[in-house]
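Structure first, then comments.
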Amino acid sequence: MKEVKSSESLFTEFPKVSKDQWKEKAIADLKGADFDKKLIWRTLEGFDLQPYYASEDMTALSYLQKFESSTLNMEDGSQGPHYWVNREKIVVTDAEQANKAAIHALNSGADGLVFDLTGKENIDIKKLLNNILPLHCSVSFIADRDAAKLIKGYFTYESGNHIETSELFGSINYDPIKNLCLQGKMAADGFVVLKEIIEITDTAARFRGLTINSTQFQNSGSSLTQELAFALNVAVEYIDKLGELGISPEQAIRNLEFCMAVGTDYFLEIAKLRALRILFYKVAEAYGLKDFDPGDLQIHSTSSMWTKTVYDPYVNMLRNTTEAMSAVIGGCNALTIAPYDENFAIPSAQSKRISRNVSNMLKEESYFDRVVDPAAGSYYIENITNEMVKKSWALFTEVEQEGGFLASFKAGKIQSRIKETRDKRLALAAQRREIFVGTNQYPNTKEQLDPKKISHGKPVEAEIEVLKPENGAIQFESMRLATDGYAKTSARRPKAYLALIGNNPTMRTARAQFSGGFIGCGGFEIADGIITNSNDEAIKTALEQNAEITVICGSDDDYATLGIEFAQKFRNSKKDGILVVAGYPTELLETLNEAGVDEFVHMRADLIQTLQGFQQKLNIINQKIDETRFF
Numbered sequence: 017m018k019e020v021k022s023s024e025s026l027f028t029e030f031p032k033v034s035k036d037q038w039k040e041k042a043i044a045d046l047k048g049a050d051f052d053k054k055l056i057w058r059t060l061e062g063f064d065l066q067p068y069y070a071s072e073d074m075t076a077l078s079y080l081q082k083f084e085s086s087t088l089n090m091e092d093g094s095q096g097p098h099y100w101v102n103r104e105k106i107v108v109t110d111a112e113q114a115n116k117a118a119i120h121a122l123n124s125g126a127d128g129l130v131f132d133l134t135g136k137e138n139i140d141i142k143k144l145l146n147n148i149l150p151l152h153c154s155v156s157f158i159a160d161r162d163a164a165k166l167i168k169g170y171f172t173y174e175s176g177n178h179i180e181t182s183e184l185f186g187s188i189n190y191d192p193i194k195n196l197c198l199q200g201k202m203a204a205d206g207f208v209v210l211k212e213i214i215e216i217t218d219t220a221a222r223f224r225g226l227t228i229n230s231t232q233f234q235n236s237g238s239s240l241t242q243e244l245a246f247a248l249n250v251a252v253e254y255i256d257k258l259g260e261l262g263i264s265p266e267q268a269i270r271n272l273e274f275c276m277a278v279g280t281d282y283f284l285e286i287a288k289l290r291a292l293r294i295l296f297y298k299v300a301e302a303y304g305l306k307d308f309d310p311g312d313l314q315i316h317s318t319s320s321m322w323t324k325t326v327y328d329p330y331v332n333m334l335r336n337t338t339e340a341m342s343a344v345i346g347g348c349n350a351l352t353i354a355p356y357d358e359n360f361a362i363p364s365a366q367s368k369r370i371s372r373n374v375s376n377m378l379k380e381e382s383y384f385d386r387v388v389d390p391a392a393g394s395y396y397i398e399n400i401t402n403e404m405v406k407k408s409w410a411l412f413t414e415v416e417q418e419g420g421f422l423a424s425f426k427a428g429k430i431q432s433r434i435k436e437t438r439d440k441r442l443a444l445a446a447q448r449r450e451i452f453v454g455t456n457q458y459p460n461t462k463e464q465l466d467p468k469k470i471s472h473g474k475p476v477e478a479e480i481e482v483l484k485p486e487n488g489a490i491q492f493e494s495m496r497l498a499t500d501g502y503a504k505t506s507a508r509r510p511k512a513y514l515a516l517i518g519n520n521p522t523m524r525t526a527r528a529q530f531s532g533g534f535i536g537c538g539g540f541e542i543a544d545g546i547i548t549n550s551n552d553e554a555i556k557t558a559l560e561q562n563a564e565i566t567v568i569c570g571s572d573d574d575y576a577t578l579g580i581e582f583a584q585k586f587r588n589s590k591k592d593g594i595l596v597v598a599g600y601p602t603e604l605l606e607t608l609n610e611a612g613v614d615e616f617v618h619m620r621a622d623l624i625q626t627l628q629g630f631q632q633k634l635n636i637i638n639q640k641i642d643e644t645r646f647f
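Okay, here's the thing in structure tokens:
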């Protein structure tokens, strides 16, 4: 075999294909279907993504190349070319118990800790950190009160252990603006406390005292460009407010860390983190930091709450994995993967172990830590990054023109923008154009939950509108929990019978499978249909099932005769219950309705609206479900 020299081109026997030629071939293969509708992805971010990118699409993106060499600067180069900290969150209720959990995490694969002290005061730092060696792990904190006192106590404690502050590695997540977003109020001395924190952490180059959170945006249903833009707005708000208190922009920025949630839009999430470094470089440059290196920006990525479901929760493990991959390839410095059951229960030991090992597997088995910037040069990712930068910067400047983040939030403009996007995402999910496997697609109809055992937070009462982090499947889960609750109290689960009619087995089976998946999302028992020898026998079998919902499954041609006959005879014998047709035969709708059909289930039907309608007719619910009943 001939040895190919590095200077030689591969596959020279094949002619080059231009993008126009590729598109012409694609249009021909579509056989008349609209190219734009079939192949162009119109994202919620406000830009379109092409199905194919070529080198010619990179001409205008040369500015991105200067960032590739400094995409990520490692805290410790000895750990490998792409080292990130596997931070495990420890919720602190008792210092000694938290200490035991932390040591167990470190002994089980974590190399970083983040102690969540939300709502806690006067924690005994000695008990909390006993036998934890900060020279061998990252130690971070989340605090909403006594934050300056906490950090001062931490630094003093480690100094007493003969550890230099310059050797401490981690961050303190004290974010008064995030508290405003979620609670409608912020500490009056919040900026002063931050000033005190930065004056302490500024002596430790590897410990960040100013955390910019964007998790509250993404987990409330924002788009990725909104998340980026609002994170920048918050950062500018802090830099300006701290500047008024004597903290220079340079001092604030070198103490800064971003905490961003990462969802399941794999390539877009990779591009989001890459775009953040470019965008913040522009912010730093505007503050006069001409030598700011985007690779010095610290990014702590967390898994997303929005993408996690209560039903079929093991799918959350798969979601966590793809989110972790996006975060690492995007260039995070620290990664926290939440246990798959955290949304609805106290995490089990098993779920903690699995979440901890996601990061370890990406390092030890997939070797993600061996390549500094694997996304560099990807036509697709680079073009997404460019679009993210443009759209996010435009929104960022728009909010700044409104007076900055605080002014815009207090005026309700931030909330309004996020709500608009959230409503679009929920509508897409209701139409099953945004999929939650196991919840609005392929539900496990055998799974039953007790609504009383699902933990939920209390509604926040505030003078201004607040953000509401939740999972994107909440409308389905609230609906299904209502059915589960009804089944528990009435000792009978409402049943849907799939009645098979006609002589077209392909359409009959396809529509029965579709209907079972559709109605199963509401928590109804699904009874598979029985193939019979006649329409009368099919009607008799359906009546014997005594199901609350009966679904006629066949072809449109069969509906024109057998379907109408089925509906009429069925209704003559059974006046109550819900009669449904699988499909949407437009020319027969009125006739079928007159024959006794109540509803049609089909690809374009709004799943939430349809199933809640069934629940109302069956007295499972009295009105549209209030999601806060269960969450």
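Start counting the sequence shown at 17; every next residue gets the next number (our numbering).
For every residue, glycine included, the Cβ atom is placed at its ideal position computed from N, Cα and C.
Every value quoted in this text rests on a predicted model; they were computed, and no experiment measured them.
{"Check": "Does F294 come out as helix, strand or coil in the three-state DSSP assignment?", "Outcome": "Just to set this straight, residue 294 is Ile in the shown sequence, not Phe. Of the three classes helix, strand and coil, the one that applies to I294 here is helix, per DSSP."}
{"Check": "Take every Cβ of the stretch 515-522, pair it with every Cβ of the stretch 250-270, and state whether three or more of those distances are shorter than 8 Å.", "Outcome": "no"}
{"Check": "Please return the same chain residues whose Cβ sits closer than 7 Å to the Cβ of F412, not counting the five positions on each side in sequence.", "Outcome": "A245, L248, N249"}
{"Check": "Would you identify the three-state DSSP class for G186, choosing helix, strand or coil?", "Outcome": "strand"}
{"Check": "Quick one: what's got a C-beta closer than 6 Å to F83's C-beta in the same chain, skipping five residues either side?", "Outcome": "I294, P310"}
{"Check": "Leaving out the 5 sequence neighbours to the left and right, which residues in its chain are closer than 8 Å to G533 when beta-carbon positions are compared?", "Outcome": "Q457, Y458, P459"}
{"Check": "Is it buried or exposed for W38, if we count other Cβ within 10 angstroms and need 16 for buried?", "Outcome": "exposed"}
{"Check": "Based on the DSSP output, what are the partners of V597 in its beta bridges?", "Outcome": "I568, F616"}
{"Check": "Assess, as a yes-or-no matter, whether the stretch 62-71 is touched by the stretch 391-403 under the definition of 3 or more beta carbon pairs within less than 8 Å.", "Outcome": "yes"}
{"Check": "Rounded to a whole number of angstroms, what is the C-alpha to C-alpha distance between P97 and C275?", "Outcome": "22 Å"}
{"Check": "Whose C-beta lies closer than 7 Å to the C-beta of N373 among residues of the same chain, with five residues either side of it excluded?", "Outcome": "G125"}
{"Check": "Please look up how many angstroms separate the CB atoms of V252 and G420, rounded, as I've assumed it's under 8 Å.", "Outcome": "7 Å"}
{"Check": "Using only the alpha-carbon positions, how far apart do S94 and D389 sit?", "Outcome": "Low per-residue confidence applies at S94: pLDDT is 48, beneath 50, and the placement is therefore not dependable enough to give any value."}
{"Check": "So A159 packs on L133, CB below 8 Å; how close in whole Å?", "Outcome": "5 Å"}
{"Check": "Under a three-way DSSP split, which group does L133 fall into?", "Outcome": "coil"}
{"Check": "Could you pull the DSSP bridge partners for E273 from this structure?", "Outcome": "T227, Q314"}
{"Check": "What residue ranges within the stretch 364-404 form continuous alpha helix (DSSP H) runs of no fewer than 4 residues, ordered along the chain?", "Outcome": "365-380"}
{"Check": "For N138, tell me which candidate among L166, E380, Q529, A117 has the shortest Cα-Cα distance.", "Outcome": "L166"}
{"Check": "Got a sec, what are the start and stop residues for the beta strand (DSSP E) S156 sits in?", "Outcome": "154-158"}
{"Check": "Should the stretch 334-353 be regarded as contacting the stretch 474-486, the criterion being three or more beta carbon pairs within less than 8 Å?", "Outcome": "no"}
{"Check": "Straight-line CA distance for A121 to N332?", "Outcome": "21 Å"}
{"Check": "As a quick exercise: from S175, I315, A576, K54, pick the residue whose alpha carbon is nearest that of I216.", "Outcome": "S175"}
{"Check": "Taking only the alpha-carbon atoms, compute the straight-line gap between V130 and K194 and give it to the nearest angstrom.", "Outcome": "18 Å"}
{"Check": "Does T352 come out as helix, strand or coil in the three-state DSSP assignment?", "Outcome": "strand"}
{"Check": "Between which two residues does the alpha helix (DSSP H) holding I580 run?", "Outcome": "580-589"}
{"Check": "If you compare alpha carbons, which of G538, A598, A583 is closest to T607?", "Outcome": "A583"}
{"Check": "Is the Cβ-Cβ distance between V107 and L144 less than 8 Å?", "Outcome": "no"}
{"Check": "Note the first and the last residue of the continuous beta strand (DSSP E) segment covering K511.", "Outcome": "511-516"}
{"Check": "Taking the CB atoms as reference points, tell me whether I542 and A512 lie closer together than 8 Å.", "Outcome": "yes"}
{"Check": "Could you spell out where the alpha helix (DSSP H) holding E553 opens and where it closes?", "Outcome": "551-561"}
{"Check": "In this structure, what does DSSP give as the bridge partners for L65?", "Outcome": "W57"}
{"Check": "Which residue marks the beginning of the beta strand (DSSP E) containing K105, and which one marks its end?", "Outcome": "101-107"}
{"Check": "Using a Cβ-Cβ cutoff of less than 6 Å, which residues in the same chain neighbour K324 once the five nearest sequence positions on both sides are dropped?", "Outcome": "N332, N359, N487"}
{"Check": "List the whole-angstrom C-beta distance separating P150 from I179, where the pair is believed to meet the contact cut-off of C-beta under 8 Å.", "Outcome": "6 Å"}
{"Check": "Since S320 and Q431 should fall inside the 8 Å C-beta cutoff, what is the C-beta to C-beta distance between them, to a whole number of angstroms?", "Outcome": "Rounded, the Cβ-Cβ distance is 19 Å, inconsistent with contact."}
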